[in-house]
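Down below is the structure, laid out as structure tokens.
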Amino acid sequence: MFRITSVKDYHQKLLNGQTTCVEAVSYYLQCIQQNIHLNAFLEVYADEALARAAELDAKQQAGLPLGKLHGVVIGLKDVISYKGHKLSASSKILEGFTAIYNATVTEKLLAEGAIIIGRQNCDEFAMGSSNENSAFGNVLNAKDTSRVPGGSSGGSAVSVQAGLCMVSLGSDTGGSVRQPADFCGIVGLKPTYGRVSRYGLIAYASSFDQVGVFANSVEDAALVLEVIAGSDDFDSTALTTPVPQYTQHLDDNGKKYKIAYFKEALEHPGLDPEISTAIKNFFTTLKSQGHTVEQVDFELLDYIVPAYYVLTTAEASSNLSRFDGIKYGYATKKPVGDLTDYYKKTRSEGFGKEVKRRILLGTFVLSAGYFDAYFTKAQQVRTILTERTDAIFKQYDAIISPTVPSPAFKFGEKSNDPTEMFLADIYTVFANLVGIPGISLPLFTNNSGMNFGIQVMSAKENEEILFKLSQRLTKAL
Amino acid sequence: MRTAVFRPVNIRPNQVHLRFIVEMDIKHKYEAVIGLEVHAQLATESKLFCGDSVAFGAAPNTHVSPITLGHPGTLPKTNRKAVEYAIKIGLACHCEIERYNYFARKNYFYPDLPKGYQVSQHTTPICKGGYVTIKTEQGQRDILLNRIHMEEDAGKSIHDMDEAYTCVDYNRAGTALVEIVTDPVMHTADEAYQYITELRRLVRWTGICDGNMEEGSLRCDANVSIRLKGETKLGTKVEVKNLNSMRNVKKAIEYEIDRMIGIVEVGGTITQQTRSFDASNDTTFAIRDKEEANDYRYFAEPDLAPFLITDDFIQSVENALPTLPQALMQKFQQQLGLTEYDAAQLCLEKSIADYFEAVIVLTDNYKAAANWINGPVKQYLNAQKLTLEELTLTPGQLAELIKLTDDGKVNFSVASSKLMPLLIQDSTKTALGLATELNLLQVSDNGELAAWVNEVIAKMPDKVAEYKKGKKGLLGLFVGEVKKASKGKADPKVVTALLEQKLNS
């Protein structure tokens, strides 16, 4: 029986001859088959993954050097380009589209020996918090299939939660990795903006998007980031600073941390009392262990969600213009009068409701006469938030907050109220607005058995301390 | 690849082209106000935001990476060379160079625009202000520039290839352009013509653009309005597109001015329009009314980090800038004593000026060098349909030809009509060697010449008698006969002197 506790453990077992890559892939393929009802994968590359596993096993047999992710079975959210494979962003508008190039992250994964097992379901164009916006159906939370897995990277989260692969790559524009990780009880990492190249990641909001990692442990997440991070000739917004060997520096030697939390965040009326209590108790524990945990005033909290939705929808309205039925993807089959009619029909039929909502919202806020009132204002909020955040990190190692105001909710519970759905992003969108890294740690379980956790955020480009502290926190309880 | 699935918009409504004949005294009441927007395709090897080639004339949709096609997940990366070229033309036009630069997105839908937006410098052009000096009948004038900014080109929609569909070629999509925009400061079609001529020379001179208007490397749109003289408010403007030659710029503006005056004179109003030029009959026709103005929803391109241009970089571009044509013309006149005409002819193209400068390193006879280049060399190139870059006559060979004629060893007509073409065919030959080999060296040796002179005098006793009676004009005939007898080798100056001496004795 194939059983591993971490990538490190898996590699040990491979080296000891206790298992093989082929056995690993076979095992996960079987698990995927048994959990097909969860709808986590849109496509499984069974034969291909097995063939690659066999190659990797042969490589090990031949005594050749092995990659950092040798044999690691990985799933990709359906917004990451994998050459020769379908790519749809869970949207009808990319019907029939096959990627003709590899995303930089895909290249890096493959170069280090990873096995890509399939393409994972998500909210259409990564827009959503419940995975109810996929053109290919809901993804179910493995712990309670009446509940949402979170979104937008629901399929990627559930794949790790249900043990359908070892790790997944998702994308996080406003919490799309951290929030589903929280709902599914796993680790979800969003790196610093630009730490990972966005080349080959279908854009939602360019200045917010970041590839993220779902894993069973902080260590696995750190290992994957170590591989996928770095500068890129194809992404001029990617950071050029060297990538630390995170996995070599996970031990903090008993460091005492200075942690901040926002009073307004913990006292927010929308926050589930059970979560609030758990976090407050956790802070007490941390203090008793010698860490500093201090309250910081953050009166800007209520501006975060509106600023986020103005800016991301503005960028999205432009980013999604290329899906016009001319060059690739879905084209209307209805008779059309003229070019404008063709665009209208193709895009109305091809995009789902939430995507259309955001395109319209973004088009509106960029329009002449409204631009200054919305877009410029939101940018100003973003600038102020960034300045405030920088100041906080001059004094503290990290900010801790809830990841989501409530645990995984039921299907349909919020899908008719977009504003309420948007507000559920209150804790996660902050990190994307200011570009800092954040990680969701599955520390708690509520009285109905659902997981929830905390979010840890550190200063820009300081994933190293984020991982160290996360390791510490998972052991603190 | 799927071609665009849309029917072309009918852009040519049936319209009778009226030639407006406006009498001069009526015309004099009005003043035209003209501004030009020129798109110059930068002569970079690759596109503005990706590595695709920009070579002209490739098969459709062959220079199209996923980035050019706007495939999902692709991102732009700014071509450093394009930035350098934009600064170069900016410096050549005396612009102020903006240090902090970013790109913006101009959002609109059209099949030849792969991403649904054009990446352009909307709010922060890389070059501000500046001017281009032109020569008009009234003397020199500085045409003020508003801006020069960088942007990417769209693909090409081809409406007449297929009966039912418009086809799109994305090779051109993403090509680096600069848009050079003047203030509305020109008043005649001729000024606009002079401006585009000078601007074309500048872009070619600096090497940032090949200036080929027919292939679309240099494209010009003219904004034209009219007003009564003395009026300070601008009239309703019309934008004329598709001016793919310098002549067409002039013809279109001339037509537009007359058309507008014609309308206003009969009490009509001018509609704000975009018009196109029809070169087959030198008229313009309306493409669309400007009333439904597009909202392009400009915002800063989030896929590209803003970039800072350092003073050092600007300095390095400036240092590499060649002497500009107008300065070089002055230098040729003031330091080398050339006429304005000669200097201007030499500075029509940088390759000519460069060639001239290479020749004058090897000869002190600047005037002769200019005459040679502006005369026989250009005639040869024109006749052979060659460019100066293709000329095999080395500056050294030309300097030698000049020396041979200066020394009286070969006369100019033999040198230019016989020696030069042969030297061009064989660049290993020297002028002197070839002249010797072909026995073309002029004879100025008195003894040998005297023999030919005596021979001619003896042969034509009647004419000699007439000459002696006073018909001095016959001297030319004798000189010609001596040249004939010498097979062109006799130095005419010496022959004339000898003849006069003999006949008058």
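For the record, the sequence lines run as chains A and E. Residue numbering for the first sequence follows my numbering, starting at 697 and increasing by one per position. Residue numbering for the second sequence follows my numbering, starting at 65 and increasing by one per position. Cβ coordinates follow ideal geometry from the N, Cα and C atoms, glycine included. Since the structure is predicted, the reported quantities are computational estimates derived from the model, not experimental observations.
As computed with DSSP, tyrosine 181 of chain E is found in a beta bridge with E/Asn171.
By the criterion of a C-beta distance shorter than 7 Å, tyrosine 724 of chain A is surrounded in its chain by Val769, Ile813, Leu860 and Cys861, once the five residues flanking it on both sides are discounted.
7 Å or more divides the Cβ of isoleucine 811 of chain A from the Cβ of tyrosine 957 of chain A. Note on asparagine 510 of chain E: under 16 other CB atoms within 10 angstroms of its CB, so exposed under the neighbour-count rule. Proline 485 of chain E: member of the alpha helix (DSSP H) spanning 484-489, first to last residue. Collapsing the DSSP output to three states places asparagine 503 of chain E in coil. Contact check between the stretch 358-375 of chain E and the stretch 130-137 of chain E: fewer than three CB pairs, one atom from each, fall below 8 Å, which does not count as touching. In terms of Cα proximity to alanine 218 of chain E, the closest of E/Val232, E/Ala122 and E/Asn210 is E/Val232. Look at lysine 1164 of chain A here: in three-state DSSP terms it is helix. The criterion of a C-beta distance shorter than 7 Å is not satisfied by threonine 108 of chain E and alanine 253 of chain E. Residue contact check for arginine 352 of chain E against chain A: no CB pair falls below 7 Å. Of the candidates E/Phe120, E/Val507, E/Val381 and E/Glu564, the residue whose Cα lies closest to the Cα of glycine 534 of chain E is E/Glu564.
Isoleucine 207 of chain E sits close to threonine 246 of chain E, with the two beta carbons spaced by under 7 Å. Runs of the alpha helix (DSSP H) lying entirely within the stretch 1071-1099 of chain A and spanning at least 4 residues, in chain order: 1073-1091.
Within the stretch 786-803 of chain A, Leu790, Phe793, Ala795, Ile796, Tyr797 and Ala799 place their CB atoms closer than 8 Å to a CB of chain E, listed in sequence order.
Per DSSP, the continuous alpha helix (DSSP H) segment holding isoleucine 378 of chain E begins and ends at 375-383.
Here the alpha carbon of proline 761 of chain A sits roughly 11 Å from the alpha carbon of alanine 754 of chain A. Rounded to the nearest whole angstrom, the CA to CA distance from asparagine 345 of chain E to arginine 265 of chain E is 27 Å. Proximity to glycine 1134 of chain A across A/Leu1062, A/Ser1014 and A/Ser867 peaks at A/Ser867, based on C-alpha coordinates. Histidine 135 of chain E counts as buried, since at least 16 other C-beta atoms from the protein chains shown sit within 10 angstroms of its C-beta. In the structure shown, the three-state DSSP call for glutamate 227 of chain E is coil. Boundaries of the beta strand (DSSP E) harbouring proline 1138 of chain A: 1134-1141, taken from the DSSP string.
Taking a beta-carbon distance threshold of 7 Å, lysine 141 of chain E counts as an interface residue toward chain A. CA-to-CA, the gap between alanine 807 of chain A and tyrosine 797 of chain A works out to about 15 Å. Restricting attention to E/Leu468, E/Ile153, E/Asp375 and E/Lys547, the CA atom closest to the CA of tyrosine 164 of chain E is found in E/Asp375.
The stretch 1108-1120 of chain A makes no contact with the stretch 1149-1163 of chain A; the number of CB pairs closer than 8 Å stays below 3. Straight-line measurement puts the Cα of lysine 220 of chain E at about 13 Å from the Cα of valine 118 of chain E. The shortest C-alpha to C-alpha distance from proline 876 of chain A to any of A/Leu790, A/Val909 and A/Lys1049 is the one to A/Val909. In the three-state reduction of the DSSP assignment, cysteine 717 of chain A falls in the helix class. Proximity of chain E to isoleucine 924 of chain A at the Cβ level (cut-off 7 Å) is not reached, the minimal Cβ distance being about 15 Å. Taken atom to atom, the span from the alpha-carbon of tyrosine 1024 of chain A to that of leucine 790 of chain A is near 7 Å.
For tyrosine 957 of chain A, the secondary structure class from DSSP, reduced to helix, strand or coil, is strand. Interface flag for tyrosine 942 of chain A against chain E is unset, since no Cβ pair is found closer than 7 Å. Neighbours of lysine 179 of chain E across chain A, judged by C-beta separation under 9 Å: Ser1014, Asn1015, Ser1017 and Arg1018. Rounded to the nearest whole angstrom, the CA to CA distance from tyrosine 889 of chain A to lysine 199 of chain E is 54 Å. Of the candidates E/Leu468, E/Ala522, E/Ser481 and E/Pro389, the residue whose Cα lies closest to the Cα of glycine 497 of chain E is E/Leu468.
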